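Enquirer: To start, I am sharing the structure in question, which I have written as structure tokens.
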Amino acid sequence: MSEKVANTFDGRLIFLMLSILLNVFFNALTVSTNMGSAVWTASAVNLAHLFNLSLGNTLFLEGVIVAIVNLILLGQFDYFRLFRNLIFIVPYSYLLAWFKQLFFAMGIPFLPIGWRFVLDLVGLTGVAVAVSLYQRANVVLHPNDDLPFILRFRFLHGSPCWSQWDSNIPPIAIIVVTAILTHQLFAVNIGTILNFVMQGYIIGWADQHIFPQLHHHLDFKSTLH
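Start counting the sequence shown at 24; every next residue gets the next number (the numbering used here).
Here you go:
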């Protein structure tokens, strides 16, 4: 796809749909390996066990809360941004839960640990690439990824690494609290640590090397004209 086409509204919609599929597929893969999921996903898995909710419903409710926090950080109640966040949450939450069930049915949780670790690394990398794509497209964002996007360009001078690290503080707190209450940890393993340390770097790398013709659109409304 040419640079001109990629940065049109239709081109960004194509990248959005691709990124959603990549995100749910690879996030579900990390959950099924039990070798450590992305930090926000791991927090949702632990909340689901704490409150005995389905993973899909937990992801949805967590996303709504984060979307409201994002508006507070922006200092204004942007109904349009909230609507875009909600558009992303619904397919993301329930497609991820569906893919997780599919991977469980395929027997991925029962593979040897070495294979599960490799699949987990593939999944974590795929998630970071997906985040890079839909942050650049900036048509709609999942609230969990809109948070580092806001931090990155509003408070942290464009740094993908610091924005990812700072935005991971809330889900880490959730994981700690749920572990204290349940005396169990779910979807937290070495992959979670790797995700915390490396996701920002991988996003920055993907910005430059995965469909580099797609550029960041910081002001969504202005791109409609």
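Glycine included, C-beta positions come from ideal geometry on N, C-alpha and C.
Owing to the predicted nature of the structure, the values given are computational and were not obtained by experimental measurement.
If you draw a straight line from the C-alpha of residue 247 to the C-alpha of residue 202, how long is it?
Expert: With a pLDDT of 35 at residue 247, under the threshold of 50, the predicted position of this residue should be treated as unreliable, though the coordinate-derived value follows. If I take the Cα positions, the gap works out to 45 angstroms.
Enquirer: State the Cα-Cα distance for the pair residue 25 and residue 76, rounded to the nearest angstrom.
Expert: Between the alpha carbons of residue 25 and residue 76 lies a distance of about 44 angstroms.
Enquirer: Please report the straight-line C-alpha distance between residue 32 and residue 161, rounded to a whole angstrom.
Expert: Whole-angstrom Cα-Cα distance: 10 angstroms.
Enquirer: Go ahead and label residue 58 buried or exposed: buried means 16 or more other beta carbons lie within 10 angstroms of its beta carbon, across all protein chains shown.
Expert: buried
Enquirer: Our contact map puts residue 62 next to residue 215 with C-beta atoms below 8 angstroms; I'd like the distance itself, whole angstroms only.
Expert: Rounded, the Cβ-Cβ distance is 6 angstroms, consistent with contact.
Enquirer: Identify whether residue 207 lies in helix, strand or coil by the three-state DSSP scheme.
Expert: coil
Enquirer: Hey, how far is the Cα of residue 234 from the Cα of residue 124?
Expert: 30 angstroms
Enquirer: Let me know the secondary structure DSSP gives residue 30 once reduced to three states.
Expert: In this structure, residue 30 counts as coil in the three-state DSSP scheme.
Enquirer: Give me the Cβ distance between residue 66 and residue 198, rounded to the nearest whole Å; I'm assuming they're in contact under 8 angstroms.
Expert: 5 angstroms
Enquirer: Figure out for me which residue from 52, 35 and 29 has the closest Cα to the Cα of residue 130.
Expert: 52
Enquirer: Less than 8 angstroms between the beta carbons of residue 88 and residue 163, yes or no?
Expert: No. Outside cutoff.
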